[in-house]
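Numbering (this note's numbering), first residue to last: 185 to 1220.
Where is the CB? At the ideal position from N, CA and C, for every residue including glycine.
Only one structure is covered here, and it is reproduced in the block below.
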């Protein structure tokens, strides 16, 4: 008695077991977290340090370099980059996928502490770090017609930022669009020199007049009094009468030599929201946190934050990443329901029996619900890939049920009672079902051991599908035969003839069956020709693989566009703001733009000639153009503005790498020789900008900024008793936006900024106004001991792994694929003949693409070897696994042709479909071979006769399983709704591969079986001869 017989005989127990399998899945569905994609974001930690007034070179050498040496020793660091600009540096660490976030944070803090003695004493504060993901999850804008931008920034930074940071799942909150308020002391150097007062005296007076130190208390036997002093000067008016020196017994007050005003700490940072002055909170999540739950928690907090805002301040969530996640998942869920309905419909059409169609209708949801329980136990989420796996699995899970139901019905149609038909039907095909499921699971085994981001993405998809297949196998051998015995009925022949629909469907099915039988006879007769055709298919597969355009991940229309500004390297901040305003007018005029915001200066590092923006598009249903099409039509308009560029990119849900770029892909040059790097990076950028495969080519190397280089005559300085420290201090006081004092308030700290008035800092000649005090207390102009000259200087200095680095960002031109672009870049770099000191490599998504492209052939080869081993174990044969594997070229050619036909790239999503085809197409061969071997064994027929009869018997289940898989994937191919760009390549490859692959397999598999079965029999006879001879000798 077979294992399934126990469940057939106990229908109540079997039904309850099925319910026990489904109920945890229902609970898991409501408990599973929601995400756009599997958790593939690597942990990132940003380390920030500020040295106000310092040049990029000073920051890079004195701040970034010591920190990099310490941070570079941390275990598990996958990538370390730094960007040093005027006054600040940011070092970004990206860790391995398996690195523990808390442990990594502790190591970062320890490295910062270890490097502290090597850092300059003038740091504004100790270096800080924050854990975060590479992408912002939400943007909240503050605007007002009453309050200024610095006031809005203060509100956002003080009242909102900290509270939002406390939400679970939030990693980092940055405020862009302005800076903290401050008191600015703008000195008139002419008047200062007339009073014979130095800037250092002004700074010292400001610092001494503003204090916040402990004062103690007094008490007696009854009371205690705390002592306080008006030692805090908090507004500009508090500093006006500050005495900075005495001349001729008369006080010189600060207002006599400077203009003091309540202003902002950094003048060269500004932004707007929908054309209005405003600030934006950029909220980053932590890798592993649930995006939807985090954004929901933030939105739930907003009503409690709004009462804290002053009247007249408007607060708006301008971008919410969870919206596209919810929308795309809703579309996938609808697609799943459609797929289930189509699969059930095709079952009814082929079986011509409503009761029979009801059985897969029960088996499918139970199998899928059981899979949901496994997803929950594995710690996965409901995302586009896991739900796509469930959609595809609808065709798989019904296959096993179809094979069992169809074989049972065949026996019932031959006059057997349903109970006996269920016993015999499941017994005959149980090995077939096991072999089909095992071969399909074997396809996913190599995927589970892939490393990196792509491997992590494959892993969740593979485990989901493999779980569905295993649960489906269990259901098909337990619940399905029990339902067959209970629901199917023996119908007299005359009853079936009275059903016109059943009669018509039978006649409709007989037409392709008869045509197939006639064609199969001809193919077997000319089987050598068929083998030649199969060989040709193999070569065509190889050829198609070489010519099909290859990409990394499908471009998704998320309804968001990100942009990066970059002006000429010597442009002023105010001129850059004018360029940005011109860009914004063009953006605002586009009919598909719903909202936008921008920030100039300080975006990602404080360069006054750079900035960034984000655009929220109208919902996809309200616009005809995709995000890529909108970028394409805006590009020529934006390029007309001289002196600056704005590069726009459709923002994606999938990001790799920590170095920000102005385009989707990056190519990075590393060197231990800065001069070589400065020479070759503009050459390469110029060459790449002319390649037809690329658009939006931009380099982040900015080494042509203007610099006034002061050359000090050290001997002359020594004669006057003036030290280099004096000179640097005087220059810093005059031009370095020096933080002269700290203002302490209950919620935050602010600064007094000392600088020359802007009209006295208009160019290099402004240095002539600086006076120094000699050792004899005389005052001399700086020009007495120095001269200045103009030269170029870096506006930013980038490192990667402690090497000097420069990155070229690029997008793919319409009509080209990523593989063509990367090949063209490598050829261009090689033709430049760079010195050995320069190394070029792709980074970010382009790097991951190259790695995945190199692994694809090995991945398929490993899958084939694994399948061969599994089938060899199941069949106890080394011959017929080859028969089954021979079906694979037929599937590959269909998938690749379909991708070419639909002008779709071979991305990792399409590759998942091709790997799935390996398992799907083999099912047909397994059904044919199992039936042929059983017929050959029971009836003593030749291989030709057995395979012909087996193909006729299995023609209906083969068509049913094929149509079930095709219709299950068809909604993916049609690609409607949000997120369709991700789903469509999977549907194209599966539907295309199945349609052509199954047609070819129906004819090539019988021929290969005949040849290999004859080979098996011949080898069997050869092996039996020695045995027979030894038996005769022993008997004699």
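Within 10 angstroms of its Cβ, does residue 1062 collect 16 or more other Cβ (buried), or is it exposed?
-> Taking a 10 Å sphere around the C-beta of residue 1062, we find fewer than 16 other C-beta atoms and assign the residue as exposed.
Can you tell which of 396, 394, 411 has its C-alpha closest to the C-alpha of residue 402?
-> From the listed residues 396, 394, 411, the smallest Cα separation to residue 402 is found for 411.
Following the continuous beta strand (DSSP E) through residue 960, name the residue where it begins and the one where it ends.
-> Counting along the chain, residue 960 falls outside any beta strand (DSSP E), and DSSP gives it neither H nor E.
Cβ pair count under 8 Å reaching 3, the stretch 1090-1109 against the stretch 746-758 = No, because fewer than three Cβ pairs between the stretch 1090-1109 and the stretch 746-758 fall closer than 8 Å, the two stretches do not touch.
Using the Cα positions of residue 789 and residue 270, report the straight-line distance between them to the nearest angstrom.
-> Its pLDDT being 40, under 50, residue 789 is placed unreliably by the model, and nothing is read from it.
Relative to the alpha-carbon of residue 287, which residue among 272, 261, 304 has its alpha-carbon at the smallest distance?
-> Among 272, 261, 304, the Cα nearest to that of residue 287 belongs to 261.
Exposure of residue 633, with buried meaning 16 or more beta-carbon neighbours within 10 Å | Exposed, by the Cβ-count rule.
Indicate whether residue 428 and residue 385 have their beta-carbon atoms separated by less than 9 Å.
-> Less than 9 Å separates the beta-carbon of residue 428 from that of residue 385.
Quick one: residues in its chain with C-beta nearer than 8 Å to the C-beta of residue 766, no 5 flanking neighbours on either side, listed in chain order?
-> If the five residues before and after residue 766 are omitted, its C-beta is found closer than 8 Å to the C-beta atoms of 825, all from its own chain and listed in chain order.
Return the Cβ separation of residue 209 and residue 553 in integer angstroms, given the expectation that the two are a contact with Cβ distance under 8 Å.
-> The Cβ separation is near 3 Å, so the contact holds.
How big is the Cα-Cα spacing for residue 951 and residue 890?
-> Each residue's Cα considered, the two are about 15 Å apart.
Start and end of the alpha helix (DSSP H) containing residue 264?
-> Residue 264: not part of any alpha helix (DSSP H); member of the beta strand (DSSP E) spanning 261-269, first to last residue.
Taking the beta strand (DSSP E) that residue 881 falls in, what are its first and last residues?
-> 878-883 is the span of the beta strand (DSSP E), which, as asked, contains residue 881.
From which residue to which residue does the alpha helix (DSSP H) around residue 859 run?
-> Note, residue 859: alpha helix (DSSP H), 858-873.
Using the rule of at least 16 other Cβ atoms within 10 Å of the residue's Cβ for burial, across every protein chain shown, is residue 1087 buried or exposed?
-> Residue 1087 comes out exposed.
Rounded straight-line distance, which links the Cα of residue 374 to that of residue 828 | Taking the CA atoms as reference points, residue 828 sits about 36 Å from residue 374.
Which residue or residues does DSSP assign as beta-bridge partners of residue 320?
-> Looking at the DSSP assignment, residue 320 forms a beta bridge with 468.
By how many angstroms is the C-alpha of residue 1097 removed from the C-alpha of residue 568?
-> Inter-residue distance for residue 568 and residue 1097 is about 14 Å (C-alpha atoms, whole angstroms).
Per DSSP, which one or two residues make a beta bridge with residue 170?
-> Outside the modelled stretch of the chain, which goes from 185 to 1220, sits residue 170, for which no answer is possible.
Quick one: residues in its chain with C-beta nearer than 7 Å to the C-beta of residue 740, no 5 flanking neighbours on either side, listed in chain order?
-> Answer for residue 740: 836, 837, 1163, 1165, 1166, listed in chain order.
Considering only residues of the same chain and omitting the five flanking positions on each side of residue 436, which have a CB-CB separation below 8 Å?
-> The answer, listed in chain order, is 379, 381, 427, 428, 429, 430.
Nonlocal neighbours in the same chain, by C-beta distance under 8 Å from residue 1231, ignoring five residues either side = Residue coverage of the chain in this structure runs from 185 to 1220, which leaves residue 1231 outside it and unanswerable.
From what residue to what residue does the alpha helix (DSSP H) around residue 549 run?
-> Residues 538-561.
Which value, in whole angstroms, describes the spacing of the CA atoms of residue 960 and residue 903?
-> A direct Cα-to-Cα measurement between residue 960 and residue 903 gives close to 11 Å.
DSSP on residue 584, reduced to helix/strand/coil?
-> If DSSP states are grouped into helix, strand and coil, residue 584 belongs with the helices.
Can you pull the DSSP bridge partners for residue 461?
-> Residue 461 is bridged by DSSP to 456.
Option in 221, 509, 464, 404 with minimal Cα separation from residue 644 = With distances taken between Cα atoms, residue 644 lies closest to 221.
Contacts around residue 627, its chain only, beta-carbon distance under 8 Å, and the 5 residues preceding and following it disregarded | These residues qualify, in order along the chain: 1047, 1050, 1051, 1099, 1100, 1102, 1103.
Stretch pair the stretch 238-250 + the stretch 186-196: three plus CB contacts closer than 8 Å = Output reads no: the stretch 186-196 does not touch the stretch 238-250.
Enumerate, from N- to C-terminal direction, the unbroken alpha helix (DSSP H) stretches of 4 or more residues contained entirely within the stretch 1007-1053.
-> List check, alpha helix (DSSP H) in window: nothing returned.
What three-state label does DSSP hand residue 378 in the structure shown?
-> In this structure, residue 378 counts as helix in the three-state DSSP scheme.
Exposure of residue 884, with buried meaning 16 or more beta-carbon neighbours within 10 Å = With 16 or more Cβ atoms within 10 Å of its Cβ, residue 884 is classed as buried.
At least three beta-carbon pairs within less than 8 Å, the stretch 439-459 to the stretch 321-336 = Enough Cβ pairs lie closer than 8 Å, so yes.
Could you pull out every residue in the same chain whose Cβ sits closer than 8 Å to the Cβ of residue 242, ignoring the five residues on either side in sequence?
-> Listed in chain order, the non-local C-beta contacts of residue 242 below 8 Å within the same chain comprise 235, local neighbours out to five positions each way being set aside.
Paired residues, beta bridge with residue 258 - DSSP | Partner(s): none; residue 258 has no beta bridge.
Considering residue 773, what are the terminal residues of the alpha helix (DSSP H) in which it resides?
-> Annotation: the continuous alpha helix (DSSP H) that includes residue 773 extends over 757-773.
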